[in-house]
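Okay, structure first, notes after.
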Amino acid sequence: MLEFRKDLFANERDDNLNEVGKPTQRQDMAGHVTGRTPFFDDHRLDGMLHLKCVRSPHHSARIRSIDVSAAERSPGVRRILRGADVPVNLNTLLSLLAFGEDDEPSLATDQVRYKGEPVVAIIADSEREAWEAVSKVRVAYDPLPAVFDVEEALKPGAPSVNPVYTRNTFTYHDKYDHVKLRFGDVERAFQEADFVLEERYQMSPIEQAPIETNGAIAAPEVNDRYIVYTCAQGLFFSLDTTAKILDLPSNKLHFIGGTVGGGFGGKVDSLCEPLAVLGAMLTGRPVRYVLNRIEEMQVSAPRGAERHYIKDGVMRDGRIIARKMTVYFDCGAYTRLTSYGALKCVAHLPGPYTIPNVSADAYCVFTNRIPATAMRGFGVTGVDFAIECQMDKLAHLIGMDPMEFRIVNAYRDGDVKAHREHASNTALVECVQVAAEKASWPLSDAARAQSSLTGGGGERAIIPDTRLDDGGVRPAGWRPEGTLPPGTRAPSRPQVTPQPSAPRPPPIAAPQPTPASPPPAQEQVPAPAAPQTPTPPPAQSQPQSQPRYARTRFSTVFGTRRR
Amino acid sequence: MAKHRGRGMAAINYPIGLNLGGDPSQALVHSNPTGKFTVALSSIDLGQGMKSVTRQIAAETLGIPVDDVYVDTADSDTGPHCMGSFASRGTHRVGNAVIAAAKEARGVMMEAAAEELEVDAGDLETDGKGNIHVRGAPHRSITVKEVAIAAQFRQGRTISGRGIFLIPMSGVDPETGAMKPVTTYAHACLVADVEVDDETGDVAVLKMNSAYELGRALNPRMVEQQLVGGAWMGMSHALYETTEPYYPDRDHGPSDFNEYLMPGPGDIAPHDIAVLERPAADGPFGGKGPGEMCANPVLPAVANAIFNAVGIRIDELPITPEKVLRGLKSQGGAKPPQVPFGGPKPNGAARP
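Residue numbers (our numbering), protein chains in the order written: chain Y, 2 to 564; chain R, 185 to 536.
In structure tokens form, the structure reads like this:
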């Protein structure tokens, strides 16, 4: 059952629209429900060949030799692809954003780093013949020690998983082995807290589980181009990744997709398109490379596991005054998108609450498992699980109703968030109130009287003095310039002009009258004073920080952008 | 042995769109000679309704009926660049690009209409039904079809428009993590009622009550499908799904849907949803997008409900019967917390 609460925020909406807001039937519904909508794998082209991969049975091993002679003689085999056939056999997905270094081959050559890593691709007349030839490829491996646990991988002496990031951590800002969030002084606040609670949470790897498995069909088109039917979630992301790996001008590729049988993040990695096009280039025939269900479940990237440690300082009246988190993202053997997931996680902390002291370290850790990638809210879903279980525990610890505890700590319009932007357009308080009402969960009058529009800003808009540190294991080649010595305090950056401070919303445990008409929250937001990112420009860019092959860059990055 | 009921809640917010910006999407809009419009995109519809939502947005902006708009996506030869459908960015980014393109096309359409009606374009308005008329004088009217024919064959104008939406890239401060990751957030709070069987360790979700704030709901039916489906997925993540049941052990991974478990039809819980709409300042018509976030509150709400039912905290997902039984064993059986929160438990505390 679904109802619209049009009464809430009504004065912020003009509901007088013709088409927007109407329950219009989907444009593509008739095709979907009659089974006539074409998906990528509905194309059966004349002379189409099928590609299947020989995959590593080991979590970590050196490849001593690869013998394809029996496979070459196998019936129906048209072509066998090896790493040496791939023009640019090293890539990282976000090289298009100049974020991270190329670290993953399309086909492994000297070493395998996870169970299921592709080593050889067989192209044959039928899927069955391709599988038969796969079973005839002889790869000699020397197994190597493997590491599977994120914290084990960080210990000295742990097997090094990825040769680009030898310490098993992704490198941020050419400098740190993790992403930092520092806001206020958590250690001092823990001293002042009535209670401190530290807990550990673990998310399992999860499969995106679309009905349509990953795949692509590539075929030579007229005029020296290749047409590619694909289920990619980012059409140009996949096209430009393919162009890079195959060293082709992007206009030689004609990608057709757009109607996808479920994605959930699992169709961003663009693993099938480059090999399918390469197969079409080398055979002159259409080539279909589609994962089967086992490959989808156990080889294509899952949402990676996450481990969260949360330490909170809370007062008896319900206010959380400090939250410190350490987060380990299990990246698997290659970067894919986990580096970005960790950044997204840090941006999200400390959850939808206004907490005056926040500190977090998020690590993207390499282990010998399937590389992780995007999946529905990755970087956020796991954190929300950890934070909201923690919130429940904190509420019980201080004997406060969990709903009211959320309302006491909810962020409101005008509050500054730990990443130092000011909140607007917030609605957590109202969601809690409405959910409580629907579930007949009793709330106090004081809790029901709260609003996202009031009580924010003022003191809650001020960026506190922040304790900085340069803690963390340094990646090889780390340079100390630009860091402050441990313990020094950086001045608050965007300096806040003194505001007539609105009172903090009264703790609901001890009900007080809500301020009758505080000024509109927006006016309490300090002007976005300081430039977003100040400057210390590193003297020169390090050559090794440049992605080696990225000819096309959509943009200059995320995290490692020079400022 | 008994079944124990409990309820738990969780509240979340969700950043809409890829963090840190720098992720543009483009749209092209043009009319055919008889006033039917095509929106060309390279954006991906993976079931969430990208084609439909952009179609409504284009129709609204152009001021024409939705039936007169068709969305064509995604062909890299004809559709302009879009970063892709992920990070809950589709409605927000692509919707804004479509608005920009449709506004430009509308501008040409109104000028062409003005020339036909011999009035100033600024005095014209659309009626949303396929007509353009002088404001305050509906009888001085021309159809969109007539305008398109005139523009094409008499005036030599292209009724077309280009649009892009780009949130500039934000850097990240290495020392503090200061950044501008996102421009708007969606919000939710969800209450889950569960029943825990202390003999089998099985957890059944009995009922969910929720409130989701999503900015303007651009299509209420598609919002509903997202919220209902997303909450199901949240249940699934909380109680069933894993590719590595004994993580970090790599063994015992599932290979198909017989082994990779998800809630079946009999496991789906009734879900009572309230939708709140606080429009986003930079969202298309205030829309944010219900995509990824609607699963998120279910996971912790279910975990908290299990605590409320039997007094054990399971901090590792998924919460399998094995983990429940081990938790109960180490605690010496079900010991629901004696707390007055959340109102009376549904249908009493425990059933024999």
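Quick reminder that beta carbons are idealized off the backbone N, C-alpha and C, glycines included.
Note that the coordinates shown come from a computational prediction; the quantities given were computed from them, not determined experimentally.
Handout entry: Any chain Y beta carbon closer than 8 Å to Arg-277 (chain R)
Key = no
Problem - Same chain only: Cβ atoms within 6 Å of Pro-514 (chain Y), ignoring 5 sequence neighbours per side - result: For Pro-514 (chain Y), the predicted structure reports a pLDDT of 37, less than 50, and the residue's modelled location is therefore unreliable. The matter cannot be settled from this model.
Problem - Reference His-349 (chain Y); option with closest CA among Y:Met-404, Y:Pro-146, Y:Pro-119 and Y:Ile-388 - result: Y:Ile-388
Problem - Under 8 Å between C-beta atoms of Met-602 (chain Y) and Asp-433 (chain R) - result: Any property of residue 602 (chain Y) remains undetermined from this structure, which presents chain Y solely from 2 to 564.
Exercise for the section: Determine, using beta carbons only, whether Leu-50 (chain Y) and Pro-287 (chain Y) come nearer to each other than 8 Å. Expected result: yes
Practice task
Give the interface partners of Ser-439 (chain R) over in chain Y, defined as CB-CB distance under 8 Å, in chain order.
Solution key: Arg-294, Ile-295, Met-298 and Gln-299
Practice task
May I ask which residues mark the beginning and end of the alpha helix (DSSP H) holding His-44 (chain Y)?
Solution key: It is not in any alpha helix (DSSP H) - His-44 (chain Y) carries neither H nor E in the DSSP assignment.
Handout entry: Delimiting residues of the beta strand (DSSP E) encompassing Phe-330 (chain Y)
Key = 321-333
Exercise for the section: Measure the alpha-carbon distance for Leu-108 (chain Y) versus Asp-68 (chain Y) and round it to whole angstroms. Expected result: 15 Å
Practice task
Just tell me which of R:Glu-461, R:Leu-483 and R:Pro-481 has its CA closest to the CA of Gly-473 (chain R).
Solution key: R:Glu-461
Handout entry: Local Cβ density within 10 Å of Thr-167 (chain Y), reported as buried at 16 or more and exposed below that
Key = exposed
Handout entry: Classification of His-436 (chain R) by the beta-carbon crowding that lies within 10 angstroms, buried from 16 upward
Key = exposed
Problem - the region 322-340 of chain R in contact with the region 287-306 of chain R per 3-pair CB rule at 8 Å - result: yes
Practice task
Assuming Asn-488 (chain R) and Asp-393 (chain Y) form a contact by the criterion Cβ under 8 Å, report the distance between their Cβ atoms to the nearest whole angstrom.
Solution key: 4 Å
Practice task
Decide yes or no for the touch test of the region 220-227 of chain R against the region 203-215 of chain Y: beta carbon pairs closer than 8 Å, at least 3 of them.
Solution key: no
Practice task
Would you identify the three-state DSSP class for Gly-201 (chain R), choosing helix, strand or coil?
Solution key: coil
Exercise for the section: Determine the chain Y residues that contact Glu-408 (chain R) at a beta-carbon separation under 7 Å, and present them in chain order. Expected result: Leu-3
Practice task
Flag this pair as yes or no: are the beta carbons of Ser-445 (chain R) and Tyr-430 (chain R) separated by less than 8 Å?
Solution key: Note that residue 445 (chain R) is Leu in the sequence shown here, rather than Ser. No, these two residues do not count as a Cβ contact at 8 Å.
Practice task
Would you mind stating whether Val-508 (chain R) and Val-412 (chain R) have Cβ atoms separated by less than 8 Å?
Solution key: no
Practice task
Step through the CB atoms of chain R and report whether any lies within less than 8 Å of the CB of Val-21 (chain Y).
Solution key: yes
Practice task
Could you please give me the residues that DSSP links to Phe-221 (chain R) through a beta bridge?
Solution key: R:Ser-215 and R:Val-253
Problem - Local Cβ density within 10 Å of Gly-450 (chain R), reported as buried at 16 or more and exposed below that - result: exposed
Exercise for the section: For the alpha helix (DSSP H) holding Val-291 (chain Y), just list the boundary residues, first then last. Expected result: Where Val-291 (chain Y) is concerned, there is no enclosing alpha helix (DSSP H), although the beta strand (DSSP E) it sits in stretches over 288-291.
Problem - Distance CB(Gly-77 (chain Y))-CB(Ser-136 (chain Y)) smaller than 8 Å - result: no
Problem - CB contact below 8 Å: Arg-510 (chain R) versus chain Y - result: no
Exercise for the section: Quick one: give me the first and last residue of the beta strand (DSSP E) that Gly-216 (chain Y) is part of. Expected result: 216-222
Problem - Pro-508 (chain Y) at chain R interface by Cβ criterion, 8 Å - result: At Pro-508 (chain Y) the pLDDT is 43, less than 50, meaning the model places this residue with poor confidence and gives no usable figure here.
Handout entry: Through-space distance from Asn-169 (chain Y) to Asn-369 (chain Y), alpha-carbon basis
Key = 10 Å
Handout entry: Which of helix, strand or coil DSSP assigns to Leu-454 (chain Y)
Key = coil
Problem - Assigned exposure category for His-317 (chain R) - 16 Cβ within 10 Å defines buried - result: buried
Problem - Candidates Y:Lys-156, Y:Glu-405 and Y:Met-2, of which the one nearest Val-366 (chain Y) by Cα - result: Y:Lys-156
Handout entry: Bridge-paired residues (DSSP) for His-255 (chain Y)
Key = Y:Ile-228
Practice task
Could you spell out where the alpha helix (DSSP H) holding Val-565 (chain Y) opens and where it closes?
Solution key: The structure shown does not extend to residue 565 (chain Y), since chain Y is modelled only from 2 to 564, so the question has no answer here.
Exercise for the section: Within its chain, find whatever has a CB closer than 6 Å to the CB of Pro-454 (chain R); leave out the 5 residues flanking it on each side and keep chain order. Expected result: Lys-391
Practice task
Determine which residues share a DSSP beta bridge with Ala-195 (chain R) and list them.
Solution key: R:Cys-373
Handout entry: Three-way DSSP call (helix, strand, coil) for His-423 (chain Y) in this model
Key = strand
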